[in-house]
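Peer 1:
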Amino acid sequence: MAVIPAAGRRTPHTTAHLLVAGAVTVVALVLLSPLSLSVRSATTGIALVVLAVALAHGTWRNARACTGTRRLAWRLFTAAAASAIIGNGWAAAVGADPVSSPSVVSDCWIALGLALSVGGLLALRASGVRSAEKALLVLDGLVAGSAVLLITTIAVYSQVLDSLSGPWLHQVMTLTFPFLDVVMVTVAALLLTENRTQPVLLGLIGGGFALYAIGDLAFAARTAAGSSSFGTPWDLAWIAGYGMFLVAVWRPDATVTPPVTQTVRTPVRRTVLVFGLLAGALAVEVTTSGPGLDVVRQPLWVLLAAAVGARQTLLTADNAGLRAGLERRVQEQTADLRRMARQTEALVTSVADGIYGVGHDGLVSFVNPAAAATLGYSVEDLLGRDPHDTFHAPQADGTPYPKETCYVAQAMQDNATVSAEADRYLRADGTVIPVEVTASPLRDEAGVRGAVVAFRDTTERHEVERMKHEFLSVVSHELRTPLTSIRGSLGLLSGGGILELNPAAERMLTIAVDGTERLGRLINDILDIERIESGRLSMELSSYAAAELVQRCLDELAGLTASSGVVVRAAQVGGWVLADADRVVQCLANLVGNAVKFSPAGAEVEVSAGPDPADPSRVLFAVADHGRGIPEDKLETVFQPFEQVDSSDSRDHGGTGLGLAITRQIVEAHGGRVWATSVLGVGTTMRFTLTRTTPRPHPPTPTGEPHDRTTSPRSRA
């Protein structure tokens, strides 16, 4: 039932339910009272008409609010209510008495209403139901209804059959009503046995039809016994039936279309119910009937036998069709799976990287040819072996790594992908090769059932890095030494201490000195980048005041700022950071130097530091200028090596294009981040963060190689 909202206002369906309950209660009190039979009979007639009109209005309202088969169901119920109103109205208009002088026209309209009610019950089913399933439900209703009707005919309606008289059409209608009532109730019961959506709604509708059918059957039995009349408590079955149906009509879910049925089947309990009723009819026929069948039971048994045969034929054909369709789908899906397996096998086989799979038992379940060739095995040799024991290289001291800390075990235990893991693999000939590994868990509905490992031989990459390091070493030792001599010699010449130079020679010497200085800066920057990337740049972290670091930077750049005419000042500076002082000063110098170079003479550059508003555990450094600004699409690329805003910047302003790249590497090595914000024509602000610490200095703590992620060949976490 509906719930009254907290605001105290009843919803429309709540009000309707209360009105229905009140009307049924009033009629019940009248029928159970000592009032005259004429008053009680009139009460029954008026109540049936009023409830039928209310039912027609409610079902029409629901039909307008629904779509699809649910709209069709409510329209059929509306037509059924209208047929009942017409039938009762005709009987009242012609003065027909359903007991002494029944009207055939009235009976026909009421019978039509019962038939339409059966159609509405069938349409209440969820959309998407196959035609064969609908036909099976109708046949089940015929079988069950005929069985129940046979039982009631033998046990209850013997008096009805004996009392048949009058026109033949009246006799037919007298037998049609109980048949339609039983079929209607049976179809409602069969719908409930399917346990579909909205069971409460179907239960109310089925219960209403059941009460109405009880009223009809009781009236027919009492009519045959000569004791029937309107205005008795038996009329409550009709009244209560209408009431339950009205409650269902005004339920909130009455206009909700149920979901499309995905799987349609004939429930076992429905079959048990149908054939249980059939067996009951046979038992009653055998135990209570005399020899031979009367004229009524003969056609019922013929109808019952025909319905059972049709049901089983349709069910067999439908099952055969479903089985054939299922077999066809299985064959199609099997072919698709085989095709996908062939494609996957071809893909894995053609990949140049090594790929192998590990089952839940930790053994190799599959391996591609590239992996076997890289490891010096055949594919057959690796299958079924433990990869950790077979080709995972041991530690430097020769002891094996713990198996539980291997990335394969981690991927399976944590159900997470381990990417770009550096490791060393042992080939079949005993040589060790460096590899880069990615391990991913292999999942299914039951959980993780293994792992897939892809690896790449990085021997060539390591060789290239070695050659690069050797080249940079040559640059460091063989190029910087003569460059220093050249710089010194040019300095002596430009000083005029050796010989007197004319203005043209002095200008050429100045250009040469600037070139050697720029070349020296470039070599130093390249070496810094290489040391940072290779993890060979040692850093000593200690607690420093941000103001001290900023002041050291300004002191180093005093000459540059004096010659450029740009004013550099420290704004609000505070906080303590855990840092390598020399490297942080180098970062600040790079940022301030860039700000000075790209600011016009007389402009101001501000350097500030303080708690990071976004992260109190960090100190935020900022260098703000009022220069030309950086385009938005360049705010990230300027931190890449040799990237500058304009290709002419290197020529016009000097610089190597590595300053910001070095700054980013140093800041990230400290665990911070660096970024830029800018407005064209207004200026640029460079920011970076460092870890905040206490203001108590402590001895420097060497960190070795804090940002190197390749020194450990295998995760130990």
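1 is the number of the first residue of the sequence shown in the UniProt record's numbering; add one for each residue after it. Just so you know, even glycine gets a beta-carbon here, dropped at the ideal spot from N, CA and C. What you are looking at is a predicted structure, and each value in this text was computed from that prediction instead of being measured.
#1: In the DSSP assignment, the beta strand (DSSP E) including V435 goes from what residue to what residue?
#2: By Cβ distance, which residues of its chain are closer than 7 Å to L363, with the 5 residues on each side in sequence left out?
#3: Quick check on P417: does DSSP put it in helix, strand or coil?
#4: Tell me where the beta strand (DSSP E) around W250 begins and ends.
#5: For the pair the segment 69-86 and the segment 14-34, tell me if three or more CB-CB distances fall below 8 Å.
#6: Can you list, in chain order, the residues of its chain whose CB lies under 6 Å from that of A571, leaving out five sequence neighbours each side?
#7: Can you tell me where the alpha helix (DSSP H) holding M467 begins and where it ends?
#8: Could you compute how far the alpha carbon of D353 sits from the alpha carbon of E517?
#9: Taking the alpha helix (DSSP H) that G593 belongs to, which residues open and close that run?
#10: Do G231 and L37 have their C-beta atoms within less than 8 Å of each other?
#11: Quick check: what's the CA-CA separation for V410 versus D253?
#12: Whose CA, out of V573, A47 and V247, lies closest to the CA of N62?
#13: Hey, out of T43, V50 and L116, whose CA is closest to residue 775's CA?
#14: Jot down the residue ranges of each uninterrupted beta strand (DSSP E) in the segment 496-547, minimum 3 residues, whole runs only, in chain order.
#15: P601 and S563: beta carbons closer than 8 Å?
#16: Give the straight-line distance between the Cα atoms of E327 and T316, rounded to the nearest whole angstrom.
#17: Just to check my reading of the structure: M686 and V623 have Cβ atoms closer than 8 Å, yes? What is that Cβ distance to the nearest angstrom?
#18: Taking C-alpha atoms, which residue in D457, F455, V49 and P616 lies nearest to A82?
#19: Taking 8 Å as the cut-off, does the segment 483-493 touch the segment 506-517 (at least 3 CB pairs, one atom from each stretch)?
#20: I'd like the list of long-range same chain contacts for T59, defined as Cβ closer than 8 Å, with 5 residues on each side in sequence excluded.
#21: Mind checking which residues open and close the beta strand (DSSP E) that includes V674?
#22: Flag this pair as yes or no: are the beta carbons of T684 and G593 separated by less than 8 Å?
#23: In chain order, what residues of the same chain have a beta carbon less than 6 Å from the beta carbon of G215, not counting five sequence neighbours either side?
#24: Does DSSP put G362 in a helix, a strand or coil?
#25: Just tell me which of L680, H388 and E470 has its CA closest to the CA of I630.
#26: Taking its Cβ as the centre, do 16 or more other Cβ atoms sit within 10 Å of M340, making it buried, or is it exposed?
#27: I need the straight-line Cα distance from A547 to F621, nearest angstrom please.
#28: Among N524, E632 and V24, whose alpha-carbon lies nearest the alpha-carbon of P233?
#29: Could you give the distance in angstroms between the alpha-carbon of L202 and the alpha-carbon of A16?
Peer 2: Reading from the atomic positions:
#1: As a first step, residue 435 is located in the sequence shown; it is residue number 435 there, counting from the start. In the DSSP annotation of this structure, the continuous segment of the beta strand (DSSP E) that includes V435 starts and ends at V432 to D444.
#2: Stepping through the sequence shown from its first residue, residue 363 is reached at position 363. Cβ neighbours of L363 beyond the five flanking positions: G384, R385 and D386.
#3: In the sequence shown, the residue the question calls residue 417 occupies position 417. In the sequence under discussion, the amino acid at residue 417 is Thr, which differs from the Pro named in the question. The answer is coil: DSSP assigns T417 none of H, G, I, E or B.
#4: Sequence index remark: in the sequence shown, residue 250 carries index 250 (1-based). From DSSP, W250 is part of no beta strand (DSSP E); its letter is neither H nor E.
#5: Touching, no, given that fewer than three Cβ pairs across the two stretches are closer than 8 Å.
#6: Translated into the one-based positions of the sequence shown, residue 571 becomes position 571. Same-chain partners within the cutoff: E606 and S608.
#7: The sequence position of residue 467 within the sequence shown is 467, counting from 1. Judged by DSSP secondary structure, M467 falls within the alpha helix (DSSP H) whose first and last residues are T459 to V474.
#8: Taking the first residue of the sequence shown as 1, we reach residue 353 at position 353. Taking the first residue of the sequence shown as 1, we reach residue 517 at position 517. Roughly 46 Å between the two C-alpha positions.
#9: Translated into the one-based positions of the sequence shown, residue 593 becomes position 593. Taken as a continuous stretch (DSSP letters only), the alpha helix (DSSP H) holding G593 covers A581 to K597.
#10: Residue numbering aside, residue 231 sits at position 231 when the sequence shown is read from its first letter. Residue numbering aside, residue 37 sits at position 37 when the sequence shown is read from its first letter. Result yes, Cβ atoms of G231 and L37 sit closer than 8 Å.
#11: Here the question's residue 410 lines up with position 410 in the sequence shown. Here the question's residue 253 lines up with position 253 in the sequence shown. In the sequence under discussion, the amino acid at residue 410 is Gln, which differs from the Val named in the question. C-alpha separation (whole angstroms): 50 Å.
#12: In the sequence shown, the residue the question calls residue 62 occupies position 62. Of the candidates V573, A47 and V247, the residue whose Cα lies closest to the Cα of N62 is V247.
#13: Because the chain here runs from 1 to 717, residue 775 falls outside it and cannot be looked at.
#14: Those beta strand (DSSP E) runs which fall completely within the segment 496-547 and span 3+ residues are 540-545.
#15: Translated into positions along the sequence shown, residue 601 becomes position 601. Translated into positions along the sequence shown, residue 563 becomes position 563. Correcting the residue identity first, residue 601 is Ala in this sequence and not Pro. In this structure, S563 does not lie closer than 8 Å to A601 by Cβ.
#16: Position 327 of the sequence shown, counted from the start, is the residue given in the question as residue 327. Position 316 of the sequence shown, counted from the start, is the residue given in the question as residue 316. So the alpha carbons of these two residues sit roughly 16 Å apart.
#17: Mapped onto the sequence shown, residue 686 falls at position 686. Mapped onto the sequence shown, residue 623 falls at position 623. That belief holds up - the Cβ atoms of M686 and V623 are roughly 5 Å apart, short of 8 Å.
#18: As a working mapping, residue 82 is identified with position 82 in the sequence shown. By alpha-carbon distance to A82, the top candidate from D457, F455, V49 and P616 is V49.
#19: Verdict: yes, contact present.
#20: What you label residue 59 is simply residue 59 of the sequence shown in a count that begins at 1. If we look at T59 and ignore the five residues flanking it on each side, its Cβ neighbours are W74, R75, F77, T78, A81 and V249.
#21: Walking along the sequence shown from the start, residue 674 turns up at place 674. Per DSSP, V674 belongs to the beta strand (DSSP E) from V674 to V679.
#22: Translated into the one-based positions of the sequence shown, residue 684 becomes position 684. Translated into the one-based positions of the sequence shown, residue 593 becomes position 593. Cβ atoms of T684 and G593: not closer than 8 Å.
#23: If you number the sequence shown from 1, residue 215 lands on position 215. So the list reads A237 and W238, once near-sequence residues are dropped.
#24: If you number the sequence shown from 1, residue 362 lands on position 362. Here G362 sits in coil by DSSP.
#25: Translated into the one-based positions of the sequence shown, residue 630 becomes position 630. That would be L680, whose Cα lies nearest to the Cα of I630.
#26: What you label residue 340 is simply residue 340 of the sequence shown in a count that begins at 1. Classification of M340: exposed, given that the 10 Å Cβ count is below 16.
#27: For the purposes of this step, residue 547 is taken as the residue at position 547 of the sequence shown. For the purposes of this step, residue 621 is taken as the residue at position 621 of the sequence shown. Computed Cα separation, rounded: 10 Å.
#28: Position 233 of the sequence shown, counted from the first residue, corresponds to residue 233. Closest option to P233, Cα to Cα, is V24.
#29: For the purposes of this step, residue 202 is taken as residue 202 along the sequence shown, with counting starting at 1. For the purposes of this step, residue 16 is taken as residue 16 along the sequence shown, with counting starting at 1. About 18 Å.
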